[in-house]
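Student:
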Amino acid sequence: MKKKLENFLKRPGVKKMIVGALLMVIGFGLMFAVQKDEKTVALNITSTLPQKFSVFRSVPYTATKADVMEFFWYGCPHCLKLEKAFIDQNYESRLARVVRPDGKSPTRMKIPAAMSPLWELHARLYFALEKAGVTESTHFKVMEIFSKNIPKTNKQIEEVLNELASSVSIDVSKIMTDMYSQETNLSVSHSVDLSKSIGIQGVPSILIDGNKVVELGKGMGYTDVSEVILLLMKKDRG
Numbered sequence: 141m142k143k144k145l146e147n148f149l150k151r152p153g154v155k156k157m158i159v160g161a162l163l164m165v166i167g168f169g170l171m172f173a174v175q176k177d178e179k180t181v182a183l184n185i186t187s188t189l190p191q192k193f194s195v196f197r198s199v200p201y202t203a204t205k206a207d208v209m210e211f212f213w214y215g216c217p218h219c220l221k222l223e224k225a226f227i228d229q230n231y232e233s234r235l236a237r238v239v240r241p242d243g244k245s246p247t248r249m250k251i252p253a254a255m256s257p258l259w260e261l262h263a264r265l266y267f268a269l270e271k272a273g274v275t276e277s278t279h280f281k282v283m284e285i286f287s288k289n290i291p292k293t294n295k296q297i298e299e300v301l302n303e304l305a306s307s308v309s310i311d312v313s314k315i316m317t318d319m320y321s322q323e324t325n326l327s328v329s330h331s332v333d334l335s336k337s338i339g340i341q342g343v344p345s346i347l348i349d350g351n352k353v354v355e356l357g358k359g360m361g362y363t364d365v366s367e368v369i370l371l372l373m374k375k376d377r378g
């Protein structure tokens, strides 16, 4: 067998044919590798954070009062962690510096989800505090208080407000009254309707441009949320 192979290799043109075949195989291998690399590079270039993490879902357009609508619940530990991430990343100031393709800066608004009687009670507190003109830091303090002990009754809500009043100038009695005002009733109703229309299943959830919902999970962490929002804010609405 060895001798036959040696005789075959001695034939004119055989070695050139073998070398040519080897070069062809190598060439195909390199071409495949280059194509694979080009595909990877293309994916890396075209992949945006939302595509990478598969974290936003499209919903039928809903007219909203702000570009970014942040659904939350005072008693949600994930919402508290997200707020801390926003603070650490200077999210609010970074969002304010974004100039959208239409030349305008994006607007931001919080919406307390009222998906249960308890959540509705807390949503009423949020809207009453908003009417009182409290700051974002005050809402954050409320979330921290709730993280230790979630109030479930009006009496317990009043105790939370009394604790808050030791460091923030608020009228506890007026806030308790405003929780059940007609204005608050309408705000709660709007929150419920908006949550249903875009299919909010839990919090935190962020509605962007009235047609994209960003949610935690599927590879999306607390520190990714602000980056995704900022990225979407720089894109054309649609």
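So the sequence shown is residues 141 to 378, counted in our numbering. Glycine included, C-beta positions come from ideal geometry on N, C-alpha and C. Treat the numbers as computed from the prediction; the structure is a model and nothing was measured.
Near residue 290, what residues of its chain come up, given a Cβ to Cβ distance below 6 Å and the 5 sequence neighbours on each side ignored?
Tutor: Within the sequence shown, numbered from 1, the residue matching residue 290 stands at position 150. Taken in chain order, the residues that qualify are 215.
Student: Does the stretch 337 to 346 come close enough to the stretch 199 to 215 that 3 or more CB-CB pairs lie under 8 Å?
Tutor: yes
Student: Mind checking which residues open and close the alpha helix (DSSP H) that includes residue 217?
Tutor: Numbered from 1 along the sequence shown, position 77 holds the residue referred to as residue 217. Where residue 217 is concerned, the enclosing alpha helix (DSSP H) stretches over 217 to 228.
Student: Nearest to residue 206 by alpha carbon, out of 256, 222 and 249?
Tutor: For the purposes of this step, residue 206 is identified with residue 66 of the sequence shown, where counting begins at 1. Nearest option by C-alpha distance: 249.
Student: According to the Cβ coordinates, are residue 362 and residue 244 closer than 7 Å?
Tutor: In the sequence shown, counting from the first residue as 1, residue 362 sits at position 222. In the sequence shown, counting from the first residue as 1, residue 244 sits at position 104. In this structure, residue 244 does not lie closer than 7 Å to residue 362 by Cβ.
Student: Could you tell me which residues DSSP puts in a beta bridge with residue 271?
Tutor: Taking the first residue of the sequence shown as 1, we reach residue 271 at position 131. DSSP lists no partner for residue 271.
Student: Can you grab the Cα-Cα spacing for the pair residue 327 / residue 254, in whole Å?
Tutor: Position 187 of the sequence shown, counted from the first residue, corresponds to residue 327. Position 114 of the sequence shown, counted from the first residue, corresponds to residue 254. Their Cα atoms are separated by approximately 10 Å.
Student: Quick one: grab the DSSP three-state call for residue 356.
Tutor: Within the sequence shown, residue 356 is the residue found at index 216, counting from 1. Correct three-state label for residue 356: coil.
Student: Pairing CB atoms from the stretch 269 to 288 with CB atoms from the stretch 296 to 316, are three or more of them under 8 Å?
Tutor: yes
Student: On the premise that residue 353 lies in contact with residue 196, defined as a C-beta separation below 8 Å, what is that separation, rounded to the nearest angstrom?
Tutor: Residue numbering aside, residue 196 sits at position 56 when the sequence shown is read from its first letter. Residue numbering aside, residue 353 sits at position 213 when the sequence shown is read from its first letter. Between residue 196 and residue 353 a beta carbon distance of about 6 Å is seen, short of the 8 Å cut, so the two are scored as contacting.
Student: Is it buried or exposed, residue 239, if we count other Cβ atoms within 10 angstroms and call 16 or more buried?
Tutor: Position 99 of the sequence shown holds residue 239. With fewer than 16 other Cβ atoms within 10 Å, it is exposed.
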